[in-house]
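Student:
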Amino acid sequence: MLSHVMVGSNDIERSKRFYDAVLGVLGASEARLSRVPGLPSRFFYVHNGGMFCVSEPIDGEPATSANGGTIGFSCSSPEQVQQFHDTAVAHGGTSIEDPPGLRDGPLGPMHLAYVRDPDGNKLCAMYRPG
């Protein structure tokens, strides 16, 4: 259904360091840089058919996070959920909501961890057994 997700950043190099580490936990390789004259700097992460992008805002205004928006990343185990969380916090992210762990959800039990990246974007690491 989705082709990609893009978030804005007010410090593109800081975001690259953060996402290189955090998405590396999921097996993504280092980002590809796009610097096109007249366009903002952008980084693209491609992994398992999905694409995650970080960009300086095109309109030149400050990047802001969405209120109520969450970007979810699929994990392969409860341990990877915890590692995603811990790596995010170690690289400038902020742990939010309940501590990482098993929760009952509308689709059954799942392991979740929520963090905000250095620009305030809300990220979720999720593992659903089965």
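Be aware that the sequence shown starts at 0, since it is given in numbering that gives the first Met the number 0, and climbs by one per residue.
From the three backbone atoms N, C-alpha and C, an ideal C-beta is built for every residue, glycine too.
1) By a C-beta neighbour count over all protein chains shown, 10 Å radius and 16 as the cutoff for buried, is G37 buried or exposed?
2) What's the gap between the Cα of D10 and the Cα of C74?
3) Helix, strand or coil for P98 per DSSP?
4) Let me know if R41 comes out buried or exposed under the rule of 16 or more other beta-carbons within 10 Å of its beta-carbon.
5) Tell me the residue span of the beta strand (DSSP E) that contains L122.
6) Classify D118 as buried or exposed, calling it buried when 16 or more other Cβ atoms lie within 10 Å of its own Cβ.
7) Taking DSSP as the reference, what is the three-state secondary structure of L32?
8) Among K121, S2, L111, M125, whose alpha-carbon lies nearest the alpha-carbon of T63?
9) Sort out for me which residues DSSP pairs Y18 with in a bridge.
10) Based on the DSSP output, what are the partners of T93 in its beta bridges?
11) Can you find the residues in the same chain that come closer than 7 angstroms, C-beta to C-beta, to G49, ignoring five residues on each side of it along the sequence?
12) Let me know the secondary structure DSSP gives P108 once reduced to three states.
Tutor: To lay it out plainly:
1) It is exposed - the Cβ of G37 has fewer than 16 other Cβ atoms within 10 Å.
2) About 27 angstroms.
3) In this structure, P98 counts as strand in the three-state DSSP scheme.
4) Only buried fits R41, as 16 or more other CB atoms lie within 10 angstroms of its CB.
5) Start and end: 121–126.
6) If you draw a 10 Å sphere on the C-beta of D118, you find 16 or more other C-beta atoms in it, and that means buried.
7) For L32, the three-state secondary structure derived from DSSP is strand.
8) Closest by C-alpha distance to T63, out of K121, S2, L111, M125, is K121.
9) Per DSSP, none; premise fails for Y18.
10) T93 pairs with R115.
11) Taken in chain order, the list of residues that qualify is empty.
12) Reduced to three states, the DSSP call for P108 is strand.
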